[in-house]
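Numbering (the working numbering), first residue to last: 228 to 431.
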């Protein structure tokens, strides 16, 4: 069975984790700080190190850095398990070469044992996340309603074009003027021409 080095400065927590991992059949060795952990790691050659971060003498981050730069320990798998939940702390651990990063307040003993098994077996599954209050209260999954198909819109026929009748043109001033009849002047009678008297005959 795989050997696990458990590094934890809190004696009670260390004993609890030891008991749970031993129940899974792992061979457990332990250390109380980063300095002791380095010595045990070189001596015992564990398959996995589960370490706290905030510890006396040498912190978990510094211990991890030394493990990764030491020939005898550079290939040991490491799980950082800490109370630090900030994203920058997780990013630092990953940059130094941690295989997993667990926040103590967000995992159970069963989660720790499960992640340890996954790391030892080379699984890349993500670390378990704490169940939300919504997930705890709602046991029945919410049914997923498929999206409705878009309605096919048939364009309405265009109305027949009608040519509007031309509006009547207003009467022009000429028409108004011509409405009054123009008086007709009768043609002038021809002048009567009276013939001139004939001259008297010389015989008279």
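For each residue, glycine too, the CB sits at the ideal point set by N, CA and C. Since the structure is predicted, the reported quantities are computational estimates derived from the model, not experimental observations.
Going by beta carbon distance, what residues of the same chain come within less than 6 Å of residue i, once the five residues before and after it are set aside?
{"i": "residue 295", "result": "301 and 324"}
{"i": "residue 316", "result": "none"}
{"i": "residue 264", "result": "234, 258 and 290"}
{"i": "residue 328", "result": "307, 317 and 320"}
To which residues does DSSP link residue i through a beta bridge?
{"i": "residue 328", "result": "307"}
{"i": "residue 230", "result": "254"}
So that I know if they touch, is there some Cβ in chain C lying closer than 8 Å to that of residue i?
{"i": "residue 296", "result": "Among the protein chains of the structure shown there is no chain C, as only one such chain exists."}
Take residue i and list the residues in its own chain whose beta-carbon comes closer than 7 Å to its own, dropping the five residues that flank it on each side.
{"i": "residue 269", "result": "299 and 300"}
{"i": "residue 340", "result": "247, 248 and 251"}
{"i": "residue 331", "result": "308, 309 and 310"}
{"i": "residue 284", "result": "260, 261 and 262"}
Measuring alpha carbon to alpha carbon, tell me which residue in the options is nearest residue i.
{"i": "residue 240", "options": "344, 283, 279 and 316", "result": "279"}
{"i": "residue 228", "options": "254, 236, 316 and 234", "result": "254"}
{"i": "residue 326", "options": "346, 263, 319 and 314", "result": "346"}
{"i": "residue 303", "options": "238, 245, 314 and 267", "result": "267"}
Closer than 8 Å by C-beta to residue i: which residues in its own chain qualify, once you throw out the five before and the five after it? Chain order, please.
{"i": "residue 231", "result": "248, 253, 254, 255, 256, 273, 274, 275, 276, 277 and 343"}
{"i": "residue 352", "result": "Confidence at residue 352 is low in this model, with a pLDDT of 48, below 50, so the placement of that residue should be treated as unreliable; the coordinate-derived value is given next. Contacts found: 345."}
{"i": "residue 243", "result": "336"}
{"i": "residue 286", "result": "261 and 280"}
Quiz item: Mind pulling the beta strand (DSSP E) runs of 3 or more residues that sit fully within the stretch 265-298?
Solution: 275-278
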